[in-house]
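At position 141 of the sequence shown (counting the first as 1) the number is 141 in this note's numbering, and the numbers step up by one without a gap. No residue lacks a Cβ here, since even glycine has one placed at the ideal position from N, Cα and C. Small disclaimer: the values here were computed from a predicted structure and weren't measured.
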Amino acid sequence: DVLDLYAETPDPKRPVVCFDESPTQLVGEVRQPIPAAPGRLERYDYEYRRNGTANLFVFLDAHRPWRKVKVTGRRAAADFAHCMRDLADVHYPEAACIRVVLDNLSTHTPAALYQALPPSEARRVLRRLEFHYTPKHASWLNMVEIKIGVLRSQCLN
């Protein structure tokens, strides 16, 4: 199902958007790093200060060069619901049906929208969304997983 979506011809009225989330630890330096100099790498201490956690909600259009990262303090059904509402109302207001590729996390359900939004609002948003779940143990089929890996290795390490 998911691979068939990726193989389709792009249709702006029916975009395919990959979605996932990733928790990340917020850490700070205990001591000031020593800057790099000619012939010497930057030096920094192994100790760090824990500054809590954040959650990254990441969107990726499978057929055009668009991605969005939203950072929140938690990962809850309400956060997922607000992300889906933003996807429909802010990022794809002209789309008739947004096909969303996502994994089987317990918060990734239509019920999450009904828990977080008024019923009429949840219904309105869900009429424009079509969820396509990756198979169990195959979340790697979600293209956004690659983007999250790149983000972690190049920006969040």
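Point to revise | Cβ of PRO38 within 9 Å of any chain D Cβ | key: This model lacks chain D altogether; it includes just one protein chain.
Exercise for review: Name, in chain order, the residues that DSSP records as bridge partners for LEU56.
Suggested key: Looking up residue 56 in the sequence shown gives position 56. Paired residue(s): SER22, VAL71.
Point to revise | Simplified DSSP state of LEU102, which is helix, strand or coil | key: Translated into positions along the sequence shown, residue 102 becomes position 102. Strand.
Review point. Roughly how many whole angstroms lie between the Cα atoms of ASN55 and THR24?
Key: Along the sequence shown, read from residue 1 onward, the residue named residue 55 stands at position 55. Along the sequence shown, read from residue 1 onward, the residue named residue 24 stands at position 24. Approximately 6 Å between the Cα atoms of the pair.
Review point. Between which two residues does the beta strand (DSSP E) harbouring HIS132 extend?
Key: As a first step, residue 132 is located in the sequence shown; it is residue number 132 there, counting from the start. Per DSSP, HIS132 belongs to the beta strand (DSSP E) from 129-133.
Check your understanding: Is VAL16 near HIS63, with beta carbons less than 9 Å apart?
Key -> The residue you call residue 16 lines up with position 16 of the sequence shown. The residue you call residue 63 lines up with position 63 of the sequence shown. Taking 9 Å as the Cβ cut-off, VAL16 and HIS63 qualify as a contacting pair.
Check your understanding: In chain order, what residues of the same chain lie with their CB nearer than 8 Å to the CB of ALA5, ignoring the 5 residues before and after it?
Key -> Working through the sequence shown from its first residue, we reach residue 5 at position 5. Per the sequence shown, residue 5 should be read as Leu rather than Ala. Cβ neighbours of LEU5 beyond the five flanking positions: VAL16, ALA62, ARG99, VAL101, HIS132.
Exercise for review: Answer yes or no: do VAL125 and ASP103 have a C-beta to C-beta separation smaller than 9 Å?
Suggested key: Mapped onto the sequence shown, residue 125 falls at position 125. Mapped onto the sequence shown, residue 103 falls at position 103. At the C-beta level, VAL125 and ASP103 stay beyond 9 Å of one another.
**Study point:** Residues of its chain near PRO110, where Cβ-Cβ distance is below 6 Å and the 5 sequence neighbours each way are ignored
**Key:** Along the sequence shown, read from residue 1 onward, the residue named residue 110 stands at position 110. Closer than 6 Å at Cβ, skipping near neighbours: LEU126.
Practice item. Could you pull out every residue in the same chain whose Cβ sits closer than 8 Å to the Cβ of GLU42, ignoring the five residues on either side in sequence? Key: As a working mapping, residue 42 is identified with position 42 in the sequence shown. Here the set comprises PRO33, ILE34, PRO35, ALA36.
**Study point:** Where the alpha helix (DSSP H) through PRO38 begins and ends
**Key:** Here residue 38 refers to the residue found at position 38 when the sequence shown is read from its first residue. Premise fails: PRO38 is in no alpha helix (DSSP H) and is neither H nor E.
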